[in-house]
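Enquirer: In the numbering used here, the protein residues as written are 263 to 338. Don't be surprised by glycine CBs; every beta carbon is placed ideally from N, CA and C.
1. Using the C-alpha atoms, what's the distance from residue 301 back to residue 307?
2. May I ask you to report which of helix, strand or coil DSSP gives residue 288?
3. Where does residue 312 sit, in a helix, a strand or coil, going by DSSP?
4. Any idea what DSSP makes of residue 322, helix, strand or coil?
5. Report all residues from its chain with a CB closer than 6 Å to the CB of residue 271; omit the five preceding and five following residues, and keep chain order.
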């Protein structure tokens, strides 16, 4: 996967999205104009793409974040 986005708009979704937080993208373009991420409820949902900006990270950083993020999700 190794694609990450940062939330720049959580209006109307404050309980499930944290503005300025980094999220891994699970799927893109599943539905036009939306991306699927795991939000603060620890569930995956579709959100408008314009709520996020893509972030390019070095491969080692992206792999570490992805590994840690999903390990944390599995603990819940």
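Expert: If we stick to the structure as given:
1. On the chain shown, residue 307 is found 45 positions in, with the first residue counted as 1. On the chain shown, residue 301 is found 39 positions in, with the first residue counted as 1. Distance between the alpha carbons of residue 307 and residue 301 is about 7 Å.
2. Within the chain shown, residue 288 is the residue found at index 26, counting from 1. Residue 288 falls in the strand class under three-state DSSP.
3. The sequence position of residue 312 within the chain shown is 50, counting from 1. Here residue 312 sits in helix by DSSP.
4. Here residue 322 is taken as the residue at index 60 of the chain shown, counted from 1. Note: residue 322 maps to helix in three-state DSSP.
5. Within the chain shown, the letter at position 9 stands for residue 271. Here the set comprises 313.
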